[in-house]
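Since the structure comes first, as structure tokens, the remarks are kept for the end.
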Amino acid sequence: MERVLVVDDERECRHALADAIAAKGFEPETAEDGSAALKRIQKDPAGYGLVYTDLCMPQVGGLELVSQLAGLDPTIVAVLLTGHTSPASAVDALRAGAYDFLTKPFTSTELEMSLTRSTERRKMLLKHEEYRAHLERLLEERNAEILGTNHKLQELYTLGSQTYSFVDVEPKLTDFTRYADQHFHPDTFHLC
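One rule links them: number in my numbering = place in the sequence shown (from 1) + 133.
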């Protein structure tokens, strides 16, 4: 069951929405303003899947709350509620990070549709986060393999350099033998 945090400074609106959300099979909790909501979410960032928040509240308003949610848990889906809507406020809500926008008063059907969309969005975000974490683990493993391979290549290079200095001895011996033949009597000088 998905936990939903309902944030509204008007007590009656807050509890009416929480009751309506509970009737749809969700587990609602309430906060009287954005500041209280942030404190709750900071205590348990993974505890809330959805946040339904009023736009206009004292201290920490809905836009500010929504913009801070991504920093606490990027998988929380926020829905802004407002009594007066305008295209500009809807755009501001989306820019702040809200997934949905409901105009008060809204019907039970509108709430249900919003909950369904938001829940689907939450599932997608959780899968995305799981996949991102999986890719991060794979990347760390591959980096470790690459570092191990690099270390082995460095060892091979060092061994190769040492071997090369031994291989290089043959031409030096040939030069030495030629020099010895030219400067010493061949009958009296033997290498072996």
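Idealized CB from N, CA, C, for every residue including glycine.
| For the beta strand (DSSP E) that valine 199 lies in, which residues bound it at each end? | Segment 195-205 is the alpha helix (DSSP H) holding valine 199; no beta strand (DSSP E) there.
| Can the beta-carbon of aspartate 233 be found closer than 8 Å to that of arginine 250? | The Cβ-Cβ distance between aspartate 233 and arginine 250 falls below 8 Å.
| said: From the DSSP secondary-structure annotation, give me the bridge partner or partners of arginine 265. | reply: Per DSSP, none; premise fails for arginine 265.
| message | Using only the alpha-carbon positions, how far apart do glycine 194 and glutamate 160 sit? | response | In this structure, the alpha-carbon of glycine 194 lies about 23 Å from that of glutamate 160.
| query | On the three-state DSSP scale, how would you describe glutamate 162? | reply | strand
| message | Give me the DSSP bridge partner(s) of alanine 211. | response | Val184
| said: I'd like the span of the beta strand (DSSP E) that includes aspartate 233, first residue to last. | reply: 233-236
| request: Report the rounded CA-to-CA distance for glycine 182 versus lysine 260, giving the unit in angstroms. | output: 13 Å
| Are three or more beta carbon pairs between the stretch 208-221 and the stretch 229-245 nearer than 8 Å? | yes
| task | Please work out which residues of its chain come closer than 6 Å, Cβ to Cβ, to methionine 190, disregarding the five sequence neighbours upstream and downstream, and give them in chain order. | result | Asp142, Asp166 and Gly167
| request: Compute the Euclidean distance between the alpha carbons of alanine 170 and alanine 164, then round it to the nearest angstrom. | output: 5 Å
| said: Assuming contact is defined by CB atoms lying nearer than 8 Å, are leucine 213 and valine 224 in contact in what I supplied? | reply: no
| request: Verify whether the separation of the beta carbon atoms of leucine 205 and valine 184 is less than 8 Å. | output: The Cβ atoms of leucine 205 and valine 184 lie no closer than 8 Å to each other.
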